[in-house]
């Protein structure tokens, strides 16, 4: 397939482009810098604005939209606007330019298990209610924008991601810094649930979504074994060989981070019900073993 990846220079985009190219797909990598991405033809452009990149997309069989401003910043009004617009506007542009007459177009759009809000102890599947604070509201709006592609004949797959674990960056890099150095920002008492997925499994799931046209709609892309935050940090410190622990109080986090504290305090105990039902096999299921495989 000929595929466009937006946000292709990012933490997920680079390895995804390389992985898909290794499987024989023709990859076009859109980024603002237009820099080289292994296995892909680079395209310079802004996914939130019209440009020549849309001409390339209209010649493609599908798109994976990974464009989006980082959420791990202080949530000022302007930051929240950028977080939202970078996702909604890029998705809207892609949907508005879905090609006609070239066969069925495939759109893979990420989302997050944060769409369920604070799930507490509830097990969350794709059938669970959605909605809540800023991130949940954003995820819901983002998904609704992507699903408009169905009315234009596209096959739309929504990947509701948990915390993506990889040695090459992302949340795990931040956790490692926390575990190795004195804390400046606390991360909670550790009782909230963390739904996570190893990058390897995420790449395999996204590949399945692209190559198997029986996939459509929303899928939780998370390990079948979510963990409490204290289990994650305990497994991480054991792997790193440091005795540092992360257990400050929730009020302190709210005081320091404000609304962005939702990233640390709200939990989702999500299960990949639809993925498992489709026969998808996870390689990384148990958190301690996964961290050892990634970091040692």
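Residue numbers (our numbering): 847 to 1142. Think of the CB as a built atom: it goes at the ideal place given N, C-alpha and C, for glycine as much as any other residue. These numbers come from a predicted model, not from an experiment.
Residue of the options minimising C-alpha distance to residue i
i, options, result
"residue 861", "1127, 1052, 992, 1019", "1052"
"residue 1141", "866, 947, 1015", "1015"
"residue 1036", "1122, 966, 882", "966"
"residue 889", "954, 964, 974, 850", "850"
"residue 903", "885, 929, 984, 936", "936"
"residue 1062", "1081, 1021, 1084, 1003", "1003"
"residue 973", "1078, 1119, 1077, 1125", "1119"
"residue 1078", "941, 1069, 1133", "1133"
"residue 908", "979, 938, 1000", "1000"
"residue 912", "981, 940, 960", "940"
Secondary structure of residue i, DSSP reduced to three states
i, result
"residue 862", "helix"
"residue 1007", "strand"
"residue 1032", "Reliability fails at residue 1032, whose pLDDT of 48 lies under 50, so the model's placement of it is uncertain and the value that follows must be treated cautiously. In the structure shown, residue 1032 sits in coil (DSSP, three-state: anything other than H, G, I, E or B)."
"residue 888", "strand"
"residue 963", "coil"
"residue 953", "strand"
"residue 1124", "coil"
"residue 893", "coil"
"residue 969", "strand"
"residue 1101", "Any reading at residue 1101 must be qualified, since the residue scores a pLDDT of 42, below 50, and its modelled position is unreliable; no value is offered."
"residue 1023", "helix"
"residue 1116", "strand"
Bounding residues of the beta strand (DSSP E) (the contiguous stretch that carries residue i)
i, result
"residue 876", "872–877"
Strand pairing of residue i, partner residues [DSSP]
i, result
"residue 853", "Partner(s): none; residue 853 has no beta bridge."
"residue 908", "849, 952"
"residue 958", "1007"
"residue 974", "Partner(s): none; residue 974 has no beta bridge."
"residue 1012", "1015"
"residue 1001", "952"
Limits of the alpha helix (DSSP H) - the one that residue i falls within
i, result
"residue 985", "980–993"
"residue 931", "923–942"
"residue 1085", "1075–1086"
"residue 1134", "1133–1141"
"residue 901", "899–903"
ask   = Curious, which full-length beta strand (DSSP E) runs of at least 3 residues does the stretch 1037–1068 contain?
value = Qualifying beta strand (DSSP E) stretches, in chain order: 1042–1044, 1063–1067.
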